[in-house]
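Asker: My questions will all concern the structure given below.
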Amino acid sequence: MAEPAKAPVKPAKEPLRRRAVPWLLIAPAFLVMAYAFVLPMLVFFRYSVYTFERGKLIDEFSLATYAEFLTDPYFHTIIFDTVRMAAITTVCSALIGYPLAYALWRVNSPSLKRWLGLIIFSPILVSVVVRSYGWTVLLADQGPINWFLQTVLVFPEPIKLVFNLTGVVISLTHVFLPFVVFPIFSTMTRLDPTLREAAMDLGAGWWTTFRRVTFPLTLPGLVAGMQICFTLALGAFVTPSLLGGGRVLVLPLQIYTATADINWPLAAVGGIVLLALAMVTVLISNRLLRYSEV
2 MAEPAKAPVK PAKEPLRRRA VPWLLIAPAF LVMAYAFVLP MLVFFRYSVY
52 TFERGKLIDE FSLATYAEFL TDPYFHTIIF DTVRMAAITT VCSALIGYPL
102 AYALWRVNSP SLKRWLGLII FSPILVSVVV RSYGWTVLLA DQGPINWFLQ
152 TVLVFPEPIK LVFNLTGVVI SLTHVFLPFV VFPIFSTMTR LDPTLREAAM
202 DLGAGWWTTF RRVTFPLTLP GLVAGMQICF TLALGAFVTP SLLGGGRVLV
252 LPLQIYTATA DINWPLAAVG GIVLLALAMV TVLISNRLLR YSEV
């Protein structure tokens, strides 16, 4: 006689206390983010729709500041220069950072690897003001770099390397380079060495192995580093102010000027535009990365 079918056993529910543990663990981080990011952004949005007339802030809803910011060619130029500065800095950091990360990865000596990592990380440990003034001295018309170019390479006259976009990009690349190197290096350290060995066993040379195996697998680290670099470069304030000499007008400087003039709506709109530029860049780069993995 066939046994009666048994009802499926329902899995025991996880205790409520255990289910609540992950939420309790992320609660402090959520509160910090809410206080440090969400609330300021809400204040930004609130001030951005205020009216500013004759040096006074009026609590009246108005989109006039948005219209002014998005239609005035002056602000278009500032946005373009900001994106251009961040893009050039990011490309330069990637072109220097990837070979540097690869060389650091290939170093066999642990002590040498630690020292090289410390040297790469060292720009972050220096004050931004001290670093900017240091680059001002190095890049000056009578500085050591121009002396070398004129004396050794026989350049006829000094090259203008400071108080322009060139000096700003050089200084920003110097400080943001670690943010590109270390994500790439971290990705490289997680690579399975047997993949490279298998490619070489199949007759692939160094370049083919790098192009077909190493680079595609480290591309997420490169994209992450470039995202960080671009976002930080968008918000750079001290370096464009000191090394730009008033000739490099970027969005953070415009926000500072609007804040000094008590024009809170214009400063708030500038901050929102800056955040939107960073978010759009991250979304586009993530989409391109997914497309490249297909």
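295 is the number that the numbering used here gives the last residue of the sequence shown; the numbers go up by one with no jumps.
Ideal Cβ positions, reconstructed from N, Cα and C, are used throughout, including at glycine.
From a predicted model like this one, the values you see are computed outputs, not experimental measurements.
So which of Phe-156, Leu-267, Val-22 and Leu-139 has the shortest CA-CA distance to Phe-164?
Answerer: Leu-139
Asker: Pop quiz: Val-181 and Ala-88 are said to be a contact at Cβ under 8 Å. What is the actual Cβ separation, rounded to whole angstroms?
Answerer: That pair is no contact at about 14 Å.
Asker: Can you name, in chain order, every residue of its own chain whose Cβ lies under 7 Å from the Cβ of Pro-159, other than the five neighbours on each side?
Answerer: Asp-142, Asn-147 and Gln-151
Asker: With C-beta atoms as the reference, is Leu-218 less than 8 Å away from Leu-192?
Answerer: Cβ distance < 8 Å, so Leu-218 and Leu-192 count as in contact.
Asker: I'd like the list of long-range same chain contacts for Leu-233, defined as Cβ closer than 7 Å, with 5 residues on each side in sequence excluded.
Answerer: Phe-177 and Phe-180
Asker: Kindly indicate which three-state DSSP category Glu-54 falls into: helix, strand or coil?
Answerer: strand
Asker: Does the beta-carbon distance from Val-170 to Met-42 come in below 8 Å?
Answerer: no
Asker: Using a Cβ-Cβ cut-off of 8 Å (strictly less than) and excluding sequence neighbours within five positions of Met-2, which residues of its own chain qualify?
Answerer: Summary for Met-2: the model assigns pLDDT 48, below 50, so the residue's position carries little reliability; its value from the coordinates is reported in the next sentence. If we look at Met-2 and ignore the five residues flanking it on each side, it has no Cβ neighbours.
Asker: What is the rounded straight-line gap between the Cα of Lys-114 and the Cα of Ile-97?
Answerer: 18 Å
Asker: Start and end of the alpha helix (DSSP H) containing Pro-253?
Answerer: 252–261
Asker: Run through DSSP, which three-state label would Ile-160 get?
Answerer: coil
Asker: Let's see if you can read the secondary structure: which residues bound the alpha helix (DSSP H) around Leu-218?
Answerer: 216–235
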